[in-house]
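Trainee: Residue numbers (the numbering used here): 126 to 912. The beta carbon of each residue, even a glycine, is placed where N, CA and C say it ideally should be. Predicted, not measured: the structure shown is a model, and the values here were computed from it. The structure's right below; bear with me while I get my questions together.
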């Protein structure tokens, strides 16, 4: 082969010089540490040596235009390497340089094709730069998302290392657009994850999807290389050893996957080592069936068991999420409706692309779980049959051990019996839920038909509130925990007590108690519908049946009695036909309130703007009807950061006064997933919403204002802890003593801060009690009592 000429050496030396200049610039602007500089210079030196050796090996006499682009990319990757090793470099700078390097990856190949300078050296150079950038980015992202992300970066190097042992892995692969797409996907996904634009959950989902596709791609290529290996490439002894090792590894992985699926709890609080040291009776039973059945039924049983276990595993994943957010397991009949709002929440946080990637990743993961579980059970069934005598003995012994442990209640830890049957129990529970769900529509129809106020004329409704503006105001996630938790309550209790005093000074008084909500951790619309309709709405099917029926709601009762009714829902971003059912004359949503200010994570606008707009658009109008409004305040919606701060009510305007606030406040990633920070942020958010309401009444309250303030549900268990009640505080505020006299029989407590022993009603009882208390029936009862 011809010797290396000076031209590529000079070019590569110039590239190394450019690399050094870039490192110097970064040292000045980003303040690189000595370790980072050493890493960057080491990358430069090793890269120069490797490239000159490769150029000599490939017989390169001059670098082409595409090679120069790749050389520029290599210099940028060196800069990224130094920044990642630095540890304190700005994330934006890392992502910016990496993004330019990734963008240039689409340039060098096109330049090579256009100039006719494609070469094996250029292709290998391009591949190595890509691989190293992905490795460095995976190390950077792993700091936030965990070490598993590094698998993306090391997989290619593991493949190369395996080729040193198994020579058939060194063969050339056929061109593949899918392989190129998957490889390009890795860098893009890692750059997006590194940017911090996605919340951790979405970033994990996207990176997990990228890792899954990369694993599939390598597996596909390894399979092709194995099937097309040259006969002489693999000695028989090596082949036998490789097969035995591969089979044992595959069997071990299959057994681990199946056992994990059988034994893993559906609640994160129960994940302990002892949870995975139990005997699952399901495995013993299926193994016994496999041993006695003929071949075809055996495969059918194994495949069915695998698919069933895969589906149960998916439901277990949902249980984990629901237990952590809604304080209850997933309902396989009703809870699919949460997927839509969940995707909407992800879309508002990360945009359409991030939401789409998260959905695709979740679907692929679900399919992979079912397929892998089925293949694992089939593989294990073959192993059991291939070793029939030993398997029979093992199954018999394990069956006896399981029976003895079950009989005597043996357990290694409390509530963790050695004789496990959790998969069967979960399946039984899910089947009971499905049966109950299928029967629920008939039960709900009977409940909805029982309505004492269905035909009550308007002149006999709400007679004690004539002329009043009645604002029923939900404060998002305002639950009992806010006023009783020892860490959160002191700040909230102080505000409620001072708020009571401030409002009394302004002539207002208040009464408070608790309602048991129909939901917890989320599903606010269920609580709204429960309060409005007097029916227990705890799933989407009931909600849909309610909103397509004619059950009288509180707002419809006010409308029938002559009030102008409003729905004030700043979180609504799409058509909401349910508003017609609830009886609203007008709905104010995210788009028709003239808001020109910034967003605050989930909240489209601050609570102060919501109330200020209502005041200007409706309550300030002269010669108007009395108003009834349901107001949904959402500044206290998770993730509780960034958070607004109050401004003077006269300065609210179109909301642009709030522009500087989000950037000056905390971001969600500053508090999540640290439980201590999350709980503190929750308390701050509730404090803001309640302070806003107190300030609103002080500023805009008058003799005709009646304000009902309540929570929709408790926050997620990360705030409440496990086993918390579903109670939410409720307060009625008015300057008119006659209004508060009407609720005296309720025995609610004075002030805005109910004590732990305050009355607790189910939320679905409020409608009838409210209509009765402020209707002519209550007047008649009071007249009788007066006599």
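Check whether the stretch 859-870 and the stretch 663-675 are in contact - that is, three or more C-beta pairs closer than 8 Å.
Mentor: Too few Cβ pairs lie closer than 8 Å, so no.
Trainee: For the alpha helix (DSSP H) that contains residue 84, what are its first and last residues?
Mentor: A query on residue 84 cannot be resolved here, the shown segment of the chain reaching from 126 to 912 and no further.
Trainee: Leaving out the 5 sequence neighbours to the left and right, which residues in its chain are closer than 6 Å to residue 808 when beta-carbon positions are compared?
Mentor: For this step, residue 808 is matched to residue 683 along the chain shown. 613 and 616, listed in sequence order.
Trainee: What residue range is occupied by the uninterrupted alpha helix (DSSP H) comprising residue 549?
Mentor: If you number the chain shown from 1, residue 549 lands on position 424. Note, residue 549: alpha helix (DSSP H), 547-574.
Trainee: Between which two residues does the beta strand (DSSP E) holding residue 859 run?
Mentor: Counted from its first residue, the chain shown places residue 859 at position 734. 852-859 is the span of the beta strand (DSSP E), which, as asked, contains residue 859.
Trainee: Got a sec? Which residues, its chain only, sit under 6 Å from residue 884 by beta carbon, not counting five neighbours each side?
Mentor: Along the chain shown, read from residue 1 onward, the residue named residue 884 stands at position 759. Cβ within range, chain order: 638 and 872.
Trainee: Count the CB pairs spanning the stretch 283-294 and the stretch 178-190 that are closer than 8 Å, and state whether there are at least three.
Mentor: Flag = no, the stretch 283-294 and the stretch 178-190 do not touch.
Trainee: Alpha carbon to alpha carbon, how far is residue 308 from residue 237? Give it in angstroms, no decimals.
Mentor: To locate residue 237, count along the chain shown from 1; it is residue 112. To locate residue 308, count along the chain shown from 1; it is residue 183. Each residue's alpha carbon lies about 19 Å from the other.
Trainee: I'd like to know if the stretch 402-416 and the stretch 511-524 are in contact, where contact means that at least 3 CB-CB pairs between them fall below 8 Å.
Mentor: Yes: at least three Cβ pairs fall under 8 Å.
Trainee: Within a Cβ cutoff of 8 Å, which residues of the same chain sit near residue 545, ignoring the five residues on either side of it in sequence?
Mentor: As a working mapping, residue 545 is identified with position 420 in the chain shown. Hits under 8 Å: 387, 388, 403, 404, 405 and 406.
Trainee: Compare the C-alpha of residue 182 against each of 169, 495, 133 and 219 and name the closest.
Mentor: Taking the first residue of the chain shown as position 1, residue 182 is located at position 57. The shortest Cα separation from residue 182 among 169, 495, 133 and 219 belongs to 133.
Trainee: Could you please give the first and the last residue of the uninterrupted beta strand (DSSP E) stretch that includes residue 651?
Mentor: Residue numbering aside, residue 651 sits at position 526 when the chain shown is read from its first letter. Careful: residue 651 lies outside any beta strand (DSSP E), inside the alpha helix (DSSP H) at 649-658.
Trainee: What is the residue span of the beta strand (DSSP E) that residue 758 lies within?
Mentor: Along the chain shown, one-based indexing puts residue 758 at 633. Here the beta strand (DSSP E) through residue 758 covers 752-758.
Trainee: Quick one: using the 10 Å Cβ neighbour count with 16 as the cut-off for buried, is residue 909 buried or exposed?
Mentor: What you label residue 909 is simply residue 784 of the chain shown in a count that begins at 1. Confidence is the limiting factor: at residue 909 the pLDDT is only 38, short of 50, which leaves the residue's position unreliable and the question unanswerable from this model.
Trainee: Suppose contacts are defined by Cβ-Cβ distances below 8 Å. Is residue 828 in contact with residue 861 by that definition?
Mentor: If you number the chain shown from 1, residue 828 lands on position 703. If you number the chain shown from 1, residue 861 lands on position 736. The answer is yes: Cβ separation under 8 Å.
Trainee: In its own chain, which residues sit with a C-beta less than 7 Å from the C-beta of residue 771, not counting the 5 before and 5 after it?
Mentor: As a position in the chain shown, residue 771 is number 646, starting the count at 1. Here the set comprises 733, 816, 817 and 820.
Trainee: Tell me which residue opens and which closes the alpha helix (DSSP H) that residue 427 is part of.
Mentor: Taking the chain shown and counting its residues from 1, one reaches residue 427 at position 302. Element bounds for residue 427: 420-450.
Trainee: Three or more C-beta pairs under 8 Å: does that hold for the stretch 591-609 against the stretch 744-755?
Mentor: With a cut-off of 8 Å, the stretch 744-755 and the stretch 591-609 count as touching, because enough Cβ pairs lie within range.
Trainee: What are the start and end residues of the alpha helix (DSSP H) that includes residue 678?
Mentor: Taking the chain shown and counting its residues from 1, one reaches residue 678 at position 553. Neither: residue 678 is in no alpha helix (DSSP H) and is coded neither H nor E.
Trainee: Would residue 428 pass as a contact of residue 499 if the rule is Cβ separation under 8 Å?
Mentor: Residue 428 sits at position 303 when you count from the first residue of the chain shown. Residue 499 sits at position 374 when you count from the first residue of the chain shown. Closer than 8 Å, so yes.
Trainee: Got a sec? Which residues, its chain only, sit under 6 Å from residue 704 by beta carbon, not counting five neighbours each side?
Mentor: On the chain shown, position 579 is the one that residue 704 refers to. The residues are 692 and 712.
Trainee: CB-CB under 6 Å to residue 338, same chain, minus the five flanking residues each way: which ones, in chain order?
Mentor: Position 213 of the chain shown, counting from 1, holds the residue named residue 338. Hits under 6 Å: 307.
Trainee: Report the partner residues of residue 713 according to the DSSP bridge assignment.
Mentor: One-based indexing of the chain shown puts residue 713 at position 588. In DSSP, residue 713 forms a bridge with 693.
Trainee: How about residue 725 and residue 785: do their beta carbons lie closer than 8 Å?
Mentor: Against the chain shown, residue 725 aligns to sequence position 600. Against the chain shown, residue 785 aligns to sequence position 660. Against a cut-off of 8 Å, the Cβ pair of residue 785 and residue 725 comes out as no contact.
Trainee: Determine the burial state of residue 342: buried for a count of at least 16 other Cβ atoms within 10 Å of its Cβ, exposed for fewer.
Mentor: Residue numbering aside, residue 342 sits at position 217 when the chain shown is read from its first letter. Residue 342 is buried by the Cβ-count criterion.
Trainee: How would you call residue 796, buried or exposed, if buried means at least 16 neighbouring beta carbons within 10 angstroms?
Mentor: The residue given as residue 796 occupies position 671 in the chain shown. Buried is the call here.
Trainee: Which runs of the beta strand (DSSP E) fall wholly inside the stretch 868-892 and span at least 3 residues, in chain order?
Mentor: Counting only runs of 3 or more, we get 885-887.
Trainee: How long is the line joining the alpha carbons of residue 331 and residue 409, rounded to whole angstroms?
Mentor: The residue labelled residue 331 in the question sits at position 206 within the chain shown. The residue labelled residue 409 in the question sits at position 284 within the chain shown. Each residue's alpha carbon lies about 37 Å from the other.
Trainee: To the nearest whole angstrom, what separates the beta carbons of residue 623 and residue 888, a pair I think is in contact under 8 Å?
Mentor: Translated into the one-based positions of the chain shown, residue 623 becomes position 498. Translated into the one-based positions of the chain shown, residue 888 becomes position 763. In fact, because the Cβ distance is near 28 Å, the residues do not count as touching under 8 Å.
Trainee: I want to know whether the stretch 448-460 touches the stretch 566-573 - three or more CB-CB distances under 8 Å.
Mentor: No: fewer than three Cβ pairs fall under 8 Å.
Trainee: Taking its Cβ as the centre, do 16 or more other Cβ atoms sit within 10 Å of residue 645, making it buried, or is it exposed?
Mentor: As a working mapping, residue 645 is identified with position 520 in the chain shown. It is buried - the Cβ of residue 645 has at least 16 other Cβ atoms within 10 Å.
Trainee: Roughly how many angstroms lie between the CA atoms of residue 207 and residue 493, to the nearest whole one?
Mentor: Here residue 207 refers to the residue found at position 82 when the chain shown is read from its first residue. Here residue 493 refers to the residue found at position 368 when the chain shown is read from its first residue. So the two alpha carbons sit approximately 37 Å from each other.
Trainee: Quick test of your reading: residue 262 and residue 312, contact by CB under 8 Å. State the CB separation rounded to the nearest angstrom.
Mentor: Within the chain shown, numbered from 1, the residue matching residue 262 stands at position 137. Within the chain shown, numbered from 1, the residue matching residue 312 stands at position 187. Right, their Cβ atoms sit about 7 Å apart.
Trainee: Given a threshold of 16 other Cβ atoms within 10 Å of its Cβ, counted over all protein chains shown, does residue 804 qualify as buried or as exposed?
Mentor: Indexing the chain shown from 1 puts residue 804 at position 679. Buried, because 16 or more other Cβ atoms sit within 10 Å of the Cβ of residue 804.
Trainee: Check whether the stretch 218-232 and the stretch 157-175 are in contact - that is, three or more C-beta pairs closer than 8 Å.
Mentor: No: the two stretches stay apart, fewer than three of their Cβ pairs being nearer than 8 Å.
Trainee: Under a CB-based cut-off of 8 Å, is residue 303 close to chain D?
Mentor: You won't find chain D in this structure, because it holds only one protein chain.
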